[in-house]
Structures are given as structure tokens and as C-alpha cells.
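Under the working numbering, the residue at position 227 of the sequence shown is numbered 227, and the numbers go up by one with no gaps.
Yeah, the Cβ is synthetic: ideal placement off N, Cα and C, and Gly gets one too.
A short worksheet on the structure shown next.
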Amino acid sequence: MRLLLFDIDGTLIQSNPVGRQVMQLALEHVIGSAGLIESYPFAGKTDRRIIFDLLTDIGISEEKILGFLPEVYAQMAKFGEKLFYQDGLSPCTGVIELISRLSHRNDTLLGLQTGNILPTAHLKLDAAGLDATSFLIGAYGSDSAKREELIPFALERATAMSGLIPHLVDVIVIGDTPSDIECAKANGVRSLAVATGSFSSETLAKYDPDFLLDDLSDTNAVIGFMLE
Ligand SMILES: [Mg+2]
């Protein structure tokens with residue numbers, strides 16, 4: 001059984017500034033400021049980490065941020081419910097066919113490993129025309145601020161769901177940033193890097209992923225890599 005853990009932004013769906021806008025509106029609504037969100041580099045980071053960085057930077061204590069978090073997440077879901085659909089999120093090339101093919105196989109288990117919090121992760125997929133229920137398990141930016149800590153959550157949930165303990169060699173993280181490759185390495189699992197986000201294949205190659213593709217459009221080749 002292969003456990004395939006997909007990143008969302010830049011991997012399953014095309015990067016879009018609406019995610020930043022939704023977080024900005026939620027932070028302004030709950031706290032009155034989103035700090036320096038316009039210049040903050042989001043790629044590869046978890047939402048929890050981004051929120052802590054932005055707010056500690058403007059002098060808010062970690063304890064206070066923890067108190068604000070549930071309401072910030074609730075507001076992100078509320079704004080996302082409107083804006084993700086208005087803004088026309090699109091899947092990356094080949095993704096609809098790939099996920100449809102993989103979800104019909106009985107030798108693969110599909111999951112998410114994403115910096116998005118759970119409610120916005122599912123909303124984004126839905127708004128981009130992907131069926132969130134194809135991903136039977138997930139680890140989210142609401143589970144931990146550190147991306148490398150998401151994989152253990154995903155493995156635990158895969159075991160709870162299937163009754164099987166995944167072998168690390170059977171786990172593949174699919175992502176568009178150096179952080180995805182690094183979090184796979186930190187957990188002893190493999191990575192498939194794809195240059196459909198904000199990093200070129202030349203840059204991604206420097207981080208030494210197990211597989212590297214320009215995009216996920218060649219379904220047979222991608223599945224071949226995944227089952228190799
Ligand atoms: Mg990404």
C-alpha cells in the first residue's frame with residue numbers, strides 16, 4: 001500500500017493570492033491588524049506558523065495568540081467560504097485525472113499534508129473542482145506550526161483508518177517547495193517535487209527530491225513513479 005501525501009497550494013491547485021487575502025481579513029477582523037502580511041513569504045509554511053510570525057512581529061505574546069487562534073481559524077473558514085469560490089481557484093494541470101485514477105486503485109491511499117488549516121484546505125479543493133473526500137486522511141497547518149511534524153500526524157491517521165502501519169518506504173510526499181522535500185527527508189519518507197508552484201525545477205533539484213517533475217500532466221508517468 002502506497003500512502004501518497006499531497007500538498008495543496010502550487011501542487012494540487014494553482015497558487016492564488018486569495019489565501020493570503022482570507023488570512024488578512026480574518027486577522028484584521030479578530031485582532032485589528034495582520035502585521036506585515038503583504039510581504040511575508042507564505043510558500044511551504046503552515047498557517048499556524050504564519051499567524052505566529054506575523055503577530056509576534058507586532059508585539060503580541062504567544063499566549064495571547066494561542067487564545068485568538070480558534071476565532072482566527074473560524075473567520076478564515078468564513079471568509080474562505082465566500083472568496084475561494086468568487087476567485088476561481090483552478091487545479092494544476094493533470095491533477096483532476098491523476099486523483100481520479102489514483103482514488104480508484106486499491107494499492108494507494110490518498111492523503112493531504114498541507115500548511116492550510118483543515119477547513120480552508122477542504123474549501124480550497126472543493127472550489128478548485130477537486131473532491132476533498134478522495135483524500136481519506138490529512139495533516140494540516142492547524143495540527144502543528146512545523147511542517148516536518150505533519151507527517152507523523154498523517155501516519156497515525158493512516159493507521160487509525162486502515163489498521164495498517166505504513167512502511168516509510170511506501171510513503172511519498174508530493175509538493176512544490178523545498179519545505180515539502182525537507183519535511184519528507186526529516187521523516188525518512190520519499191518526495192516527489194513538482195515545479196508548478198513558485199520554485200523552478202532547477203531550484204527544487206538542489207534539495208535532492210527522490211522524483212522531480214515539471215508538472216503532473218503525464219498521468220501514466222506520475223503513477224509509474226509513485227508505484228516504483
Ligand atoms: Mg505548496
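So what does DSSP say about residue i, is it helix, strand or coil?
| i | result |
| --- | --- |
| residue 165 | coil |
| residue 89 | coil |
| residue 100 | helix |
| residue 42 | coil |
| residue 133 | helix |
| residue 220 | helix |
| residue 177 | coil |
| residue 228 | coil |
| residue 243 | This structure gives no information on residue 243, because the portion of the chain shown stretches from 1 to 228. |
| residue 37 | helix |
| residue 236 | As displayed, the chain neither begins before 1 nor continues past 228, which places residue 236 out of reach and without an answer. |
| residue 32 | coil |
| residue 64 | helix |
| residue 185 | helix |
| residue 206 | coil |
Check the DSSP bridge columns for residue i and list the partner residues they point to.
| i | result |
| --- | --- |
| residue 108 | 2 |
| residue 49 | Partner(s): none; residue 49 has no beta bridge. |
| residue 113 | 139 |
| residue 59 | Looking at the DSSP assignment, residue 59 forms no beta bridge with any residue, so it has no partner. |
| residue 171 | 3 |
| residue 13 | 9, 91 |
| residue 22 | Paired residue(s): none; residue 22 is not in a bridge. |
| residue 211 | 192 |
Relative to the C-alpha of residue i, which candidate in the options has its C-alpha closest?
| i | options | result |
| --- | --- | --- |
| residue 22 | 128, 37, 213 | 37 |
| residue 138 | 111, 224, 152, 77 | 111 |
| residue 9 | 3, 2, 20 | 20 |
| residue 228 | 108, 217, 208 | 108 |
| residue 223 | 100, 176, 180 | 100 |
| residue 190 | 87, 199, 211 | 211 |
| residue 48 | 59, 118, 196, 81 | 118 |
My assumption, with CB atoms under 8 angstroms, is that residue i sits in contact with residue j. Please give the rounded CB distance.
| i | j | result |
| --- | --- | --- |
| residue 186 | residue 148 | 4 angstroms |
| residue 180 | residue 44 | 7 angstroms |
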